[in-house]
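First residue of the sequence shown? That's 63 in the working numbering, and the numbers climb one at a time after it.
All C-beta atoms, glycine included, are put in the ideal place defined by N, C-alpha and C.
Notes follow the structure.
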Amino acid sequence: CEDILSQINAAKSALNRVGQVVLEGHIQHCVRDGLEHGDAEKTIERFTKAVERFANMQ
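As structure tokens, this is what we get:
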């Protein structure tokens, strides 16, 4: 049981890191593009939702 719990914890940590990388990519590409070429309010709203989803994963 302890080994399984340890593996689950490692998997959660790995998924958390993947989420961070995806969120960083979202900021670098989608948010930047939206602010420069699109609707800033809509971009901020979408970014806020993405952060909320990521925060709820943890």
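Linking SER75 to LEU85 through their CA atoms gives a straight-line distance of about 15 Å. Taking the Cβ atoms as the reference, PHE116 lies roughly 5 Å from GLY81, within the contact range of under 8 Å.
For GLY81, the uninterrupted alpha helix (DSSP H) segment begins and ends at 64 to 87. Taking a C-beta distance under 8 Å as the contact criterion, THR105 and VAL93 qualify as a contact pair. Going by DSSP, VAL113 is part of the alpha helix (DSSP H) stretching over 102 to 119.
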